[in-house]
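K.L.:
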Amino acid sequence: MRTTIRALLLGLLLVAVVANSHAGDFPFAPNRTVIGKLDDLKNLGPGENTLLKHLPNQGSPKLNWQQNSSVLRTEMGKGLPLRDASVDSAGNLINNTGFLRAERGLLQQHGWTYNPQTRLWSPPAAK
Amino acid sequence: MTAKDSNNGRRESLGFAEAVAQYIAPLLTAKGFTRTEQTAYSVRFQSPAVALAVFHEPVSYELDLVYALQAAPSERYNLCDMLDTVLGIGHKEQAFFQASEHDRVVYCIKAIADYLRKYGDKVLIGDPTVYQRMREVTRRRNEAYTKQVVQQPIRQAAEDAWQKHDYAKVRDLYEPIEDDLTPVEKKRLDYAKSHSRSG
């Protein structure tokens with residue numbers, strides 16, 4: 069009886085975790101970094117972060133991109149998947165202009181792959 | 017918004033909000049919009065049918081429009097979407113603007129205002145037919161781009177396998193994307209299939 073109750077509680081806990089993982093229509097993960105257009109970075113899931121705090125304005129797009137690409141490379145070096153927030157409801161990539169386009173290009177150049185189902189960019193080794 | 021200028025005054029000296037007020041606001045006012053918010057980075061307007069914001073992004077200095085029907089606020093579109101819908105994908109109009117100097121900001125805002133004047137009439141009045149078409153055009157465009165991004169590493173891996181005469185791997189990589197292969201890739205797949213039957 070006790071085992072049955074324990075199994076039932078475990079089952080409920082799993083349901084709760086899975087439900088939470090779909091709360092923002094993307095998989096939940098603690099300390100996940102999210103890229104995207106600024107307007108798309110306003111609705112982050114629990115435990116998600118952007119790189120914006122590492123990007124103080126340097127005064128020009130050129131200097132800002134140097135800084136941005138350097139920060140993104142550092143983040144890529146951690147080898148953890150990144151969520152793309154500039155997507156449509158099917159996970160297709162949208163707003164492919166400017167810095168976001170360059171960020172996606174940088175990820176692709178380094179062998180990162182995008183999965184529309186998860187909305188995640190994953191490093192080569194994690195494919 | 018967490019990215020702040022070390023010198024807010026410098027950002028305001030670029031004259032973004034003033035340029036929007038001078039060149040874009042009159043067009044919107046004539047269509048029943050009122051201004052609802054203004055910062056050094058964005059100016060927002062609303063009409064009964066449409067919400068529209070003009071952005072000057074703090075980090076990238078990109079300038080763009082974002083707008084949506086009031087009835088469907090999550091379906092947001094930008095300047096590029098409007099031009100792709102009205103002119104067709106592959107048009108030659110410039111849809112990307114970036115400016116960190118006052119004169120350039122004014123030039124870009126004038127250009128965006130010109131586009132709105134020439135192509136944005138139905139977008140601004142919230143014509144449902146135009147929004148329906150925009151939904152379809154952008155969906156197809158975004159799907160095609162995403163497919164290209166997803167398939168590029170597969171194509172590259174297949175190319176590498178082809179160079180190494182690893183035909184079983186070529187077959188395994190190409191088969192799931194067979195419908196999207198180029199004629200050359202299709203020929204390679206056929207060749208790989210006939211040379212890797214046991215695999």
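From first to last, the protein sequence lines are chains H and A.
Per our numbering, residue 69 is the first one in the first sequence, and the count goes up by one each step.
Per our numbering, residue 17 is the first one in the second sequence, and the count goes up by one each step.
For each residue, glycine too, the CB sits at the ideal point set by N, CA and C.
(1) Chain H beta carbons: is any one of them nearer than 7 Å to that of S29/A?
(2) Using CA atoms only, rank isn't needed, just tell me which of A111/A, V102/A and I170/A is closest to T145/A.
(3) Check whether the region 132 to 147 of chain H and the region 181 to 195 of chain H touch, using three or more Cβ-Cβ pairs below 8 Å as the test.
(4) To the nearest angstrom, report how far apart A37/A and R204/A are at their CA atoms.
(5) To the nearest angstrom, how far is it from the Cα of H211/A to the Cα of K185/A?
(6) Between the alpha carbons of H122/H and V139/H, how many angstroms are there, rounded?
(7) In three-state terms, what does DSSP make of Y182/H?
(8) Determine, using beta-carbon pairs with one atom in the region 114 to 127 of chain A and one in the region 83 to 97 of chain A, whether at least three such pairs fall under 8 Å.
(9) Taking a cut of 9 Å between CB atoms, which residues from the region 173 to 190 of chain H lie near chain A?
(10) State whether the region 45 to 60 of chain A contacts the region 126 to 141 of chain H, with contact taken as three or more CB pairs (one from each stretch) at a distance under 8 Å.
(11) Whole angstroms are fine: how far does the CA of K209/A sit from the CA of R156/A?
(12) Looking only at its chain, what residues have a beta carbon closer than 8 Å to the beta carbon of T181/H, apart from the 5 residues adjacent to it on each side?
(13) Where do the N-terminal and C-terminal ends of the alpha helix (DSSP H) with F71/A fall, by residue?
(14) Starting from Q177/H, trace the beta strand (DSSP E) in both directions and tell me its first and last residue.
(15) With Q54/A as the anchor, note down where its alpha helix (DSSP H) starts and where it stops.
(16) Jot down the residue ranges of each uninterrupted alpha helix (DSSP H) in the region 161 to 211 of chain A, minimum 4 residues, whole runs only, in chain order.
(17) Using CA atoms only, rank isn't needed, just tell me which of T186/H, L131/H, N132/H and F167/H is closest to A158/H.
(18) Would the region 107 to 123 of chain A count as touching the region 58 to 65 of chain A if we require 3 or more Cβ pairs under 8 Å?
(19) Spell out the partners DSSP gives A84/A in its beta bridges.
(20) Could you tell me which residues DSSP puts in a beta bridge with K125/A?
(21) Name the chain A residues whose beta carbon is nearer than 7 Å to that of S128/H?
(22) Taking the alpha carbon of Y135/A as the point to measure from, which residue in T162/A, G104/A, T154/A and E117/A has its own alpha carbon closest?
(23) If you drop the 5 nearest sequence neighbours on each side, which residues of the same chain put their C-beta closer than 7 Å to that of A65/A?
(24) In terms of alpha-carbon separation, which member of A69/A, H72/A, S29/A and R133/A lies closest to L274/A?
(25) Note down the Cα distance separating L120/H from G113/H, rounded to an integer number of angstroms.
(26) Which residues mark the beginning and the end of the alpha helix (DSSP H) in which L140/A is found?
(27) In angstroms with no decimal places, state the Cα-to-Cα distance between D176/A and S116/A.
(28) Does the beta carbon of G166/H sit closer than 7 Å to a beta carbon anywhere in chain A?
P.N.:
The structure says:
(1) Locating residue 29/A in the second sequence gives position 13, counting from the first residue. Output row for S29/A: interface = no.
(2) Along the second sequence, one-based indexing puts residue 145/A at 129. Among A111/A, V102/A and I170/A, the Cα nearest to that of T145/A is on V102/A.
(3) yes
(4) Sequence index remark: in the second sequence, residue 37/A carries index 21 (1-based). Sequence index remark: in the second sequence, residue 204/A carries index 188 (1-based). Approximately 58 Å, taken between the alpha carbons.
(5) In the second sequence, counting from the first residue as 1, residue 211/A sits at position 195. In the second sequence, counting from the first residue as 1, residue 185/A sits at position 169. Going from the Cα of H211/A to the Cα of K185/A covers about 11 Å.
(6) Position 54 of the first sequence holds residue 122/H. Position 71 of the first sequence holds residue 139/H. Distance between the alpha carbons of H122/H and V139/H is about 7 Å.
(7) Here residue 182/H corresponds to residue number 114 of the first sequence, with the count starting at 1. Correct three-state label for Y182/H: strand.
(8) no
(9) Q176, G179, W180, T181, Y182, N183 and P184
(10) no
(11) Locating residue 156/A in the second sequence gives position 140, counting from the first residue. Locating residue 209/A in the second sequence gives position 193, counting from the first residue. The alpha-carbon atoms of R156/A and K209/A are separated by roughly 32 Å.
(12) Position 113 of the first sequence, counting from 1, holds the residue named residue 181/H. Hits under 8 Å: W189, S190, P192 and K195.
(13) On the second sequence, position 55 is the one that residue 71/A refers to. Run containing F71/A: none in the alpha helix (DSSP H); it sits in the beta strand (DSSP E), V66 to H72.
(14) Numbered from its first residue, the first sequence carries residue 177/H at position 109. Not the beta strand (DSSP E): Q177/H falls in the alpha helix (DSSP H), residues G166 to Q177.
(15) Against the second sequence, residue 54/A aligns to sequence position 38. Run containing Q54/A: none in the alpha helix (DSSP H); it sits in the beta strand (DSSP E), T50 to Q54.
(16) 183 to 190 and 199 to 210
(17) What you label residue 158/H is simply residue 90 of the first sequence in a count that begins at 1. With distances taken between Cα atoms, A158/H lies closest to T186/H.
(18) no
(19) Locating residue 84/A in the second sequence gives position 68, where the first residue counts as 1. A84/A pairs with A67/A.
(20) For this step, residue 125/A is matched to residue 109 along the second sequence. The residue asked about is misnamed: residue 125/A is Ile in this sequence, not Lys. In the DSSP output, where bridge partners are listed per residue, I125/A has none listed.
(21) Position 60 of the first sequence holds residue 128/H. Here the neighbours are S116.
(22) Translated into positions along the second sequence, residue 135/A becomes position 119. The shortest C-alpha separation from Y135/A is found at G104/A.
(23) Looking up residue 65/A in the second sequence gives position 49. Answer for A65/A: L85, Q86, I141 and G142, listed in chain order.
(24) With chain A covering only 17 through 215, there is no way to say anything about residue 274/A.
(25) For this step, residue 120/H is matched to residue 52 along the first sequence. For this step, residue 113/H is matched to residue 45 along the first sequence. Roughly 16 Å separates the two Cα atoms.
(26) Locating residue 140/A in the second sequence gives position 124, counting from the first residue. It spans D137 to I141 - the alpha helix (DSSP H) in which L140/A sits, taken as one unbroken run.
(27) Indexing the second sequence from 1 puts residue 176/A at position 160. Indexing the second sequence from 1 puts residue 116/A at position 100. D176/A and S116/A: Cα-Cα distance of roughly 43 Å.
(28) Taking the first residue of the first sequence as 1, we reach residue 166/H at position 98. G166/H counts as touching chain A.
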